[in-house]
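Have a look at the structure below before the remarks.
Numbering (the numbering used here), first residue to last: 9 to 191.
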């Protein structure tokens, strides 16, 4: 991009000195417009780089400690502990209702966010999505995890990772990256 900017600046300089014809003026105008777009793009890229988040540490000591504390003191059933201890990339659970899956999955999502990974809750209804967020807030309060931003459908942790809830439509999660929890 820097080469394109420098080349465009040279062309603008040449045209403004040498070519005062109507075609030259049009060309000059188009080059100035192109230069502005190029420079604006560079500013956006630099802005994004300046806001870059820390490298995700999959074995974060803080996240591991949180998981250990939840396993020891979280009053979980054996099957919930087994689920929480799993390090599988994909976990598909066939379950019945009212067994505490949402409760333990919200704890696991909080652990993932503490490790620096974004978390996305996708639920059958808005109310169910809000229940997951309430469970997650319970875990955070219980174990002293604070939020930089806290709204009804989204929290942002101090490390920049976020937890968002979506309802009703799988398309609402499009465009986001992170661990996806479908409940």
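Beta carbons are placed, not taken as given, at the ideal position from N, Cα and C, and that holds for glycine.
Would DSSP call residue i helix, strand or coil?
| i | result |
| --- | --- |
| residue 98 | coil |
| residue 172 | strand |
| residue 182 | coil |
| residue 177 | coil |
| residue 29 | coil |
| residue 166 | coil |
| residue 49 | helix |
| residue 72 | helix |
At a Cβ threshold of 9 angstroms, is residue i touching chain C?
| i | result |
| --- | --- |
| residue 168 | In summary, chain C is missing from the structure at hand, where a single protein chain is found. |
Let's see if you can read the secondary structure: which residues bound the alpha helix (DSSP H) around residue i?
| i | result |
| --- | --- |
| residue 116 | 109–122 |
| residue 104 | Here residue 104 belongs to no alpha helix (DSSP H), and DSSP marks it neither H nor E. |
| residue 10 | 10–26 |
| residue 93 | 86–93 |
Locate the beta strand (DSSP E) running through residue i, then write down its first and last residues.
| i | result |
| --- | --- |
| residue 187 | 187–190 |
Report the partner residues of residue i according to the DSSP bridge assignment.
| i | result |
| --- | --- |
| residue 127 | 171 and 187 |
Give a yes or no on contact between the region 86–102 and the region 140–160, applying the rule of three or more CB pairs nearer than 8 angstroms.
no
Runs of 4 residues minimum, wholly inside the region 131–164: which ones carry the alpha helix (DSSP H) assignment?
134–150
With three or more beta-carbon pairs closer than 8 angstroms as the criterion, would you say the region 119–137 touches the region 168–186?
yes
Is the number of C-beta pairs between the region 123–134 and the region 173–185 that are closer than 8 angstroms three or more?
yes
With a threshold of 8 angstroms, are at least 3 pairs of Cβ atoms found where one atom belongs to the region 149–165 and the other to the region 100–112?
no
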